[in-house]
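One structure below.
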Amino acid sequence: MTTELPPLETDQDRPLRVLPAPSRLALVRQRLAPVVLLIAVLAVWEIWVRWDNTPRWFLPPPSVIARTLVNDRALLAENAWVTLREILLGFVVALVAGVSSAIAIHASRLLERALYPILVASQAIPIVALAPLLLIWFGHGLTPKIIVTALVAFFPITVNVVDGLRSADRELLNLLRALGAGRWARFRLVTFPTALPYLFSGARIGIAVAVIGAVFGELVGAEAGLGHLLTLSAANLRTDRVFACVAILAALAVCLFSLVAVLERLVLPWRRFLVAAQPDA
Amino acid sequence: MPASSQIGLSEARRQGERPPALEIRDVVASYVEGRRVLPVLGGISLAVEEGEFVAVVGPSGSGKSTLLDVIAGLIAPESGEIRLDGQPLAEQDRLGRSAYMRQRDLLLPWRTALDNAALALEVAGVPRREARERARARLPEFGLEAFADAYPAQLSGGMRQRVAFLRTVLAGRPLLLLDEPFGALDALTRVAIQDWLVELLERERRTVLLVTHDVDEAIYLADRVVVLTPRPARIAHVEPVTTPRPRHRPFLTSPEFVAHKARILAALGFLDDGGGDR
Ligand SMILES: Nc1ncnc2c1ncn2[C@@H]1O[C@H](COP(=O)(O)OP(=O)(O)OP(=O)(O)O)[C@@H](O)[C@H]1O
Ligand SMILES: [Mg+2]
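Those protein sequences? They're chains A and B, same order as listed.
Note that the numbering used here numbers the first sequence so that position 56 is 56, with each residue one more than the last.
So the numbering used here is basically just the index in the second sequence, starting at one, shifted up by 281.
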């Protein structure tokens with residue numbers, strides 16, 4: 001049935017409500033501010049240490065740390081790769097397990113009643129304290145690190161996704177029901193998309209704590225990794241190398257966090273237009 | 282008053298045994314919250330013939346939206362029966378049988394205007410690409426083609442309502458349940474969309490149950506205007522509007538129109554002497 005009806009003449013030429021794009025200069029200035037601050041702090045540090053003649057083993061100047069970063073690059077890269085692998089593997093396990101558990105909790109009243117309160121309460125427990133136990137059970141290898149990393153990242157992801165699934169608009173779900181959408185269609189079209197921003201909030205927290213989890217796992221006992229190298233260097237008073245390890249860990253954490261944030265913007269383009277923001281980390 | 286709602290029925294019988302597209306029989310419904318029971322529909326009977334346009338007016342909170350929820354299959358009535366095309370159907374069997382537009386526009390914030398308009402088609406099993414093509418073809422009629430890729434948060438209230446309306450019409454069901462579909466529209470757009478609906482109904486035969494606050498709109502569009510009492514809602518009055526459809530703007534100022542309006546307002550209690558108590 002073709003229906004050709006006269007078009008409405010309203011709103012045709014009204015421009016979209018789009019925020020004015022900030023000028024490039026303003027953007028650069030905004031991005032630059034923290035970098036400038038960082039450089040200033042490093043400069044003060046450098047000058048202070050040299051002027052004070054602080055012993056290197058106590059507090060090396062940034063220039064020495066930078067030299068160590070270059071000279072020990074092979075050693076550092078090798079260990080950084082070990083840690084990065086632990087973080088990523090643990091995070092992926094947490095993501096898969098977290099989203100599946102959240103969906104299971106959402107789907108089952110029994111699980112929701114029994115498991116969800118425990119999950120929420122367990123967020124207050126310092127999971128990393130389990131690391132020594134895992135060392136006893138699984139030894140020095142990769143497994144205990146992945147378990148610690150996955151455990152610490154699992155809780156924020158799960159709890160956030162459960163909250164997200166719960167917050168689906170009842171009226172919207174009813175509308176879909178009235179249109180004849182089954183359980184799966186309603187989940188796919190409404191419930192899961194509603195939970196996505198919450199999933200990303202959880203993932204941002206998750207990736208940040210995953211870094212902590214991996215390093216802690218290594219501190220307790222390991223044969224490789226930045227956490228391991230850090231302990232070793234500290235014992236040998238190679239403070240410059242300790243700082244090098246910390247710098248790489250910091251860079252790693254920032255990169256991973258930004259990666260999640262970028263992914264979020266790509267997957268949820270519509271969020272930019274919302275004025276009233278939803279949960280934020 | 283049941284007498285007047287029977288008119289449609291007996292007419293249909295005479296015309297050739299077609300059962301009414303929608304038949305509501307003695308529907309009673311309440312909301313139960315804990316131990317409190319709120320009776321909302323106090324026994325409603327109404328038959329809507331295929332192709333007929335029935336408007337429902339009534340005081341705010343009288344149960345108009347609840348009535349549509351019951352028909353759509355979202356709420357189980359305490360007693361009574363709903364028949365579609367003559368078949369008595371349980372709630373779950375009524376789901377998916379009508380195109381329902383609720384009072385809130387209920388667009389998915391993560392879908393563009395186009396994808397929102399295509400939603401009902403997708404739910405009905407039309408492949409995504411085809412659903413989008415069919416929705417895109419209708420956007421210009423609603424003045425929305427420049428906004429196909431805009432998200433609901435970028436649209437005005439009136440535009441959002443037009444997207445929701447398009448979604449409902451595209452669902453392609455013979456029974457349209459419209460809950461104040463033009464509420465958020467400015468007067469001009471409202472008239473344009475009303476005319477658009479009138480023309481659509483000229484081309485595609487659909488049965489419409491329209492809830493509205495606007496008595497003029499009800500008389501202008503409908504074959505019959507049903508007036509509900511305050512909660513628990515019963516039918517206070519049924520006003521048949523016999524002027525043949527489609528009607529045109531001069532009808533709005535005709536003496537018949539004014540007479541219809543007077544009777545409807547009286548049934549709503551607006552013309553009572555001690556007016557202002559409602
Ligand atoms: N989900 C619900 N739970 C409990 N009470 C409800 C619910 N929905 C509506 N009600 C109550 O039932 C009554 C009828 O509501 P309904 O929405 O059907 O009225 P309405 O005629 O559509 O009103 P309006 O014209 O303002 O849209 C109201 O008093 C309302 O408070
Ligand atoms: Mg209502």
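Yeah, the Cβ is synthetic: ideal placement off N, Cα and C, and Gly gets one too.
Measure the beta-carbon distance from residue i to residue j and round it to whole angstroms, keeping in mind my assumption that it falls under 8 Å.
i             : j             : result
residue 98/A  : residue 202/A : 7 Å
residue 401/B : residue 452/B : 4 Å
residue 312/B : residue 349/B : 15 Å between Cβ atoms; not a contact.
residue 460/B : residue 383/B : 5 Å
residue 195/A : residue 165/A : 5 Å
residue 356/B : residue 310/B : 6 Å
residue 508/B : residue 339/B : 6 Å
residue 104/A : residue 153/A : So it is not a contact: roughly 18 Å between Cβ atoms.
If we define contact as Cβ-Cβ less than 8 Å, is residue i a contact residue for chain A?
i             : result
residue 288/B : Because residue 288/B carries a pLDDT of 48, less than 50, the predicted location of this residue cannot be relied on, and the following value inherits that uncertainty. Cβ-Cβ to chain A under 8 Å: no for residue 288/B.
residue 321/B : no
residue 549/B : no
residue 490/B : no
residue 361/B : no
residue 368/B : no
residue 435/B : yes
residue 404/B : yes
residue 381/B : yes
residue 324/B : no
residue 501/B : no
residue 342/B : no
residue 455/B : no
residue 385/B : yes
residue 312/B : no
residue 390/B : yes
Whose C-alpha, out of the options, is nearest the C-alpha of residue i?
i             : options                    : result
residue 369/B : 382/B, 380/B, 354/B        : 354/B
residue 336/B : 523/B, 498/B, 512/B        : 498/B
residue 411/B : 425/B, 426/B, 318/B, 395/B : 395/B
residue 483/B : 447/B, 539/B, 334/B        : 334/B
residue 504/B : 516/B, 493/B, 520/B, 495/B : 520/B
residue 74/A  : 174/A, 244/A, 153/A        : 244/A
residue 467/B : 439/B, 445/B, 456/B        : 439/B
residue 463/B : 474/B, 522/B, 481/B, 404/B : 474/B
residue 197/A : 117/A, 168/A, 94/A, 124/A  : 168/A
residue 390/B : 76/A, 118/A, 190/A, 100/A  : 190/A
residue 321/B : 332/B, 307/B, 330/B        : 307/B
residue 536/B : 500/B, 517/B, 526/B        : 500/B
residue 254/B : 444/B, 526/B, 434/B        : Absent from the model: residue 254/B. The displayed extent of chain B is 282 to 559, so no value can be given.
residue 516/B : 316/B, 301/B, 328/B, 457/B : 328/B
Bridge partners for residue i per DSSP, in chain order?
i             : result
residue 382/B : 459/B
residue 508/B : 338/B, 518/B
residue 314/B : 317/B
residue 232/A : Partner(s): none; residue 232/A has no beta bridge.
residue 546/B : In the DSSP output, where bridge partners are listed per residue, residue 546/B has none listed.
residue 322/B : 310/B, 514/B
residue 46/A  : BP columns for residue 46/A are empty, so no partner.
residue 157/A : DSSP lists no partner for residue 157/A.
residue 328/B : 304/B
Could one say the Cβ of residue i lies closer than 8 Å to chain B's Cβ atoms, at least one of them?
i             : result
residue 46/A  : no
residue 263/A : no
residue 270/A : yes
residue 178/A : yes
residue 3/A   : Reliability of the predicted coordinates at residue 3/A is poor, the pLDDT of 44 falling under 50, and the value obtained from them is presented with this limitation in mind. With 8 Å as the cut-off, residue 3/A counts as an interface residue toward chain B.
residue 274/A : yes
residue 80/A  : no
residue 160/A : no
residue 55/A  : no
residue 38/A  : no
residue 279/A : Reliability of the predicted coordinates at residue 279/A is poor, the pLDDT of 46 falling under 50, and no value is obtained from them.
residue 181/A : yes
residue 185/A : yes
residue 165/A : no
residue 99/A  : no
residue 172/A : yes
residue 266/A : no
residue 96/A  : no
What are the start and end residues of each continuous beta strand (DSSP E) run of 3 or more residues lying completely inside the stretch 430–502 of chain B, in chain order? 456–460, 488–492
Could you tell me which uninterrupted alpha helix (DSSP H) segments, each at least 4 residues in length, are contained entirely in the stretch 354–401 of chain B, listed from first to last along the chain? 372–375, 394–398
Uninterrupted alpha helix (DSSP H) stretches inside the stretch 79–148 of chain A (no shorter than 4 residues): 109–122, 131–138
Continuous beta strand (DSSP E) assignments of at least 3 residues falling wholly in the stretch 189–244 of chain A: none
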